[in-house]
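Reading through the structure tokens given below for one structure.
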Amino acid sequence: METNRKIWERPWGYKEGFVVAVTILLLGFILEYSTNGAGVENLLSYPNNVYIATALVSVLTLSFIFKRNSAVIEWLSGVPAAISSVGVLLLVSLLMGLTLQYDRNAPDIIRKLGLSHVITSWPYLLANLFILTSLGYTTIKNLAAFKRKKTGIIVSHLGLWIVLFAANFGSPQVQRLQMEIPEGGISNTAIDRGTNQVYTMPFAIKLIDFVLEEYNPKLVLVNNKTGRIYQSDVNNSIEADTGATGLVQGWTITVEKYIYTSAKAGSHYYFINEPGAAPSAFVNASKNNQNIEGWVSCGSFNRPYESLRLNEEYSLIMLFPEPKEFTSIIEIFRDDEDKETVHLQVNKPTKSDGWKIYQLSYDSELGRWSNVTVLELIKDPWLPLVYFGIFLMLAGAVYIFWVGSKNRSTNNN
Amino acid sequence: MVLTHFPQHAIVILSLWTIGILLIISGKYNKTYPKIGQALLISGIIWLSILLTNLWISLERPPLRTLGETRLWYSTFLAVVGILFYWRWKYYWFVAYCFFMAGLFLILNIIFPENFNKSLMPALHSPWFVPHVIVYIIAYALLGASSIIAFKQIFDNYLNKNNRFNLLKLADNLVYIGFAFLTLGLLFGALWAKEAWGHYWTWDPKETWAFLTWAVYLIYIHSRIGNSFREKTASWILAFGFVILLMCWFGVNYLPSATNSVHTYSQQ
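Heads up: the sequence lines are chains V and P, in that order. The opening position of the first sequence corresponds to residue 1 in my numbering, with each subsequent residue numbered one higher. The opening position of the second sequence corresponds to residue 414 in my numbering, with each subsequent residue numbered one higher.
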């Protein structure tokens, strides 16, 4: 606990922490405002990010070697500075958590203070530099006076430092591009949606086939006047599947027949397999003495939907089926006549020449009949460093779990 | 579907827990009461676990997608934390609060029934799904339990200015284990995001609030090193941490900043 020590009298503590925190926040917002909310995107763009990162590491190491006993470094490597720096980053992140980011309609003052683009704003940069400095000195100090029982502390602190360092200075070099390929088509160019710049890839991709698997569509009641879906109890929908039955709003609904791909001829739906064939179901709905039968269909991009009117208030409709999994079967061609076939899915990306390739989307209007796939190509040269940091943090978390509070009381700076 | 009868199941569990807690509290009248009480609490937990298992089987996917589903897990884990800490420290008020909270979450699910839905969007088809959410719910249960201690300390201090914050050490243990799980959940999420969305951290509103939660508990842990903060302040930080945690769990969906969140999995 702090005694009657005067401010700026060694050892520095929480009073100084408060002053430094306020200064950094003020400085950040003043810089942002005075540059009209331009942010630090240009300042940190490649190769400046590498220079600044190198400078930071050099300054931290050299200053620790030559000035480790100064009041500033002593304070920065201690608990009050840790709390102060996490506090500043927390405040800046809180502002980000409360403001819609990249909102084009943001008021001028929000934009000028950097609150519409927090992660590329001055306050965010300064908050990160503060925490990287404080955390950096703490880590170096513990490494310099290595003790085995401090391994856990060193691993978790070093891990967090590496993650923050690599994520912040690496982000300007992350490239996210999109590649759109029609079925049977081949492409070796991708576009940056932010700048609309087109890049040529070191490989070409051919789309052999695009396959979309869907869940069975759901049958729900819809209010005839408001158009809203009825939902007030646990069971407000029935899966469209032959034989399925359920109770919604007092109506017992039975699906007599379900056809995944169908077309209407006369008053009936029949199985058919062609683009745009829509799911349909013949249903029976009964409530009290009423019994209504008929077809419902959600339609498709080229076929109309059909609903079944139950009474004045409600009609039964079929919702569009939700996608379960979508797969692009692609061939990747590289310079050296090397060809690879890949089944690309969400959560199952692939790699080629330093790029990670993701299934992003498709023509959602055409749904399962989509004849185009959209892939995302991502390159992040700093990723291995981030993963190394994450690995250290995981080890640190396991350490905290096992050792818990045992070492806590002995570490009292 | 099994959840059609959720209110009936929940009422059975709530009754088991209420009688169990009453028996534990009235331990001074008869030594066997707490034993029967514990048996009832555990029966309730087993009942709830069977319900979750059935839900998992009937939905053909892990029941971890919607808020209502995570509330059921939270209720289960909080009850488990309560009974474990009761065995270790014998604080009957602690087990009572834990089960009160666990019960509250069941009641929330009765009041706001959900349309339990089989579909799972492609982004959630991943081996990371279950560990990411379970680890988080365990963390939330432990940190929720620690906040109970914080609120009790603050309340006791309000009633009696000379009150010593001697329960904070117990909270520290909960926070340490809870924070370890919170870190694992956060990092699993980052590793999964890289596979699913292409980047490990995009400051999506849910991620921002997850970071805020993590940062508050990080501050709390540091504030306890060498007792450099007053215990009253530390208790307030701990209480504040839980508010941020709840914001991250439930509140984010209602924030204007979350309009474009990729973490919203329940359709309105």
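By construction, the Cβ of each residue, glycine as well, lies at the ideal position given by its N, Cα and C atoms.
| query | What three-state label does DSSP hand V:F282 in the structure shown? | reply | strand
| Any C-beta of chain V sitting closer than 8 Å to the C-beta of P:V415? | Residue placement at P:V415 is poorly supported in this model, since its pLDDT is 44, which falls under 50; the coordinates still yield a value, given next. No, no contact with chain V.
| request: Using 10 angstroms around the beta-carbon of V:L383, count the other beta-carbons present and answer buried if the total reaches 16, otherwise exposed. | output: buried
| field | First and last residue of the uninterrupted alpha helix (DSSP H) at P:K565 | value | F542 to L572
| query | Going by other Cβ atoms of all chains shown within 10 Å of its Cβ, with 16 needed for buried, is V:L126 buried or exposed? | reply | buried
| request: Identify each residue in the segment 301-332 of chain V for which the Cβ-Cβ distance to at least one residue of chain P is less than 8 Å, and report them in chain order. | output: E322, P323, K324, E325 and F326
| request: To the nearest angstrom, report how far apart V:N188 and V:I205 are at their CA atoms. | output: 6 Å
| Under the three-state reduction of DSSP, which class applies to V:H416: helix, strand or coil? | The first residue shown for chain V is 1 and the last is 413, placing residue 416 of chain V beyond what the model contains.
| request: Please specify which runs of the beta strand (DSSP E), each continuous and at least 3 residues long, are wholly inside the segment 475-523 of chain P, giving them in chain order. | output: none
| said: If we define contact as Cβ-Cβ less than 8 Å, is P:S560 a contact residue for chain V? | reply: no
| query | Looking at chain V, which residues of the segment 467-485 of chain P have a Cβ within less than 7 Å of any of its Cβ atoms? | reply | none
| query | Count the other CB atoms within 10 Å of the CB of P:Q566; is the residue buried (16 or more) or exposed (fewer)? | reply | buried
| query | What's the C-alpha gap between V:R408 and V:I400? | reply | Confidence at V:R408 is low in this model, with a pLDDT of 46, below 50, so the placement of that residue is unreliable and no value is reported for it.
| message | Below 7 Å on C-beta distance, what does V:M96 contact in chain P? | response | W616 and T621
| said: Please tell me whether P:Y535 and V:V346 are closer than 8 Å, where the distance is taken between their beta carbons. | reply: Note on residue identity: the sequence assigns Pro, not Tyr, to residue 535 of chain P. Yes, the pair counts as a contact, with Cβ atoms nearer than the cut-off.
| query | Does the beta-carbon of P:L497 have 16 or more other beta-carbons within 10 angstroms, so that it is buried, or is it exposed? | reply | exposed
| Would you report the Cα separation of P:A390 and P:W662, rounded to the nearest angstrom? | There is no way to answer for residue 390 of chain P, as the model of chain P reaches only from 414 to 681.
| task | Give the range of the alpha helix (DSSP H) segment to which P:Q451 is assigned. | result | T445 to L472
| message | Three Cβ pairs or more, each shorter than 8 Å: is that satisfied between the segment 649-666 of chain P and the segment 614-634 of chain P? | response | yes
| task | Find the nearest neighbour of V:A167 within the set V:E293, V:T120 and V:S237, judged by alpha-carbon distance. | result | V:T120
| Given V:F165 as reference, the closest of V:S116, V:Y46, V:T133 and V:A244 once Cα atoms are compared | V:T133
| Looking at the structure shown, is V:T254 part of a helix, part of a strand, or coil, going by DSSP? | strand
| Do you know offhand how far V:Y266's Cα is from V:L310's? | Looking at the sequence provided, one finds Gly at residue 266 of chain V rather than Tyr. Going by the C-alpha atoms only, they are around 21 Å apart.
| field | Cβ of V:L126 within 8 Å of any chain P Cβ | value | no
| Is P:Q680 helix, strand or coil by DSSP? | Low confidence applies here, because P:Q680 scores a pLDDT of 43, under 50, leaving its location unreliable and the question unanswered by this model.
| Start-to-end residues for the alpha helix (DSSP H) that takes in V:P349 | Segment: none, V:P349 is in no alpha helix (DSSP H) and carries neither H nor E.
| message | DSSP three-state label for V:D108, please. | response | helix
| Closer than 7 Å at the beta carbon, the chain V residues around P:L464 | Ordered by position in chain V, no residue passes the 7 Å Cβ test against P:L464, which lies about 13 Å from the chain.
| field | According to DSSP, residues forming a beta bridge with V:Q345 | value | V:T327 and V:K348
| query | Closer than 8 Å, CB to CB, is V:P381 near chain P or not? | reply | no
| By DSSP, does V:Y33 sit in helix, in strand, or in coil? | helix
| message | Quick check: the Cα distance between P:L604 and P:F513, rounded to an integer number of angstroms? | response | 35 Å
| said: Which residues in chain P have a C-beta closer than 8 Å to the C-beta of V:S93? List them in chain order. | reply: T621, F624, L625 and A628
| Rounded to a whole number of angstroms, what is the C-alpha to C-alpha distance between V:D414 and V:P217? | Residue 414 of chain V is absent from the structure shown; chain V starts at 1 and stops at 413.
| task | Go to V:N302, then tell me how far its beta strand (DSSP E) extends in each direction, as first and last residue. | result | No beta strand (DSSP E) contains V:N302, which DSSP labels as neither H nor E.
| field | Where V:D335 falls: helix, strand or coil (DSSP) | value | coil
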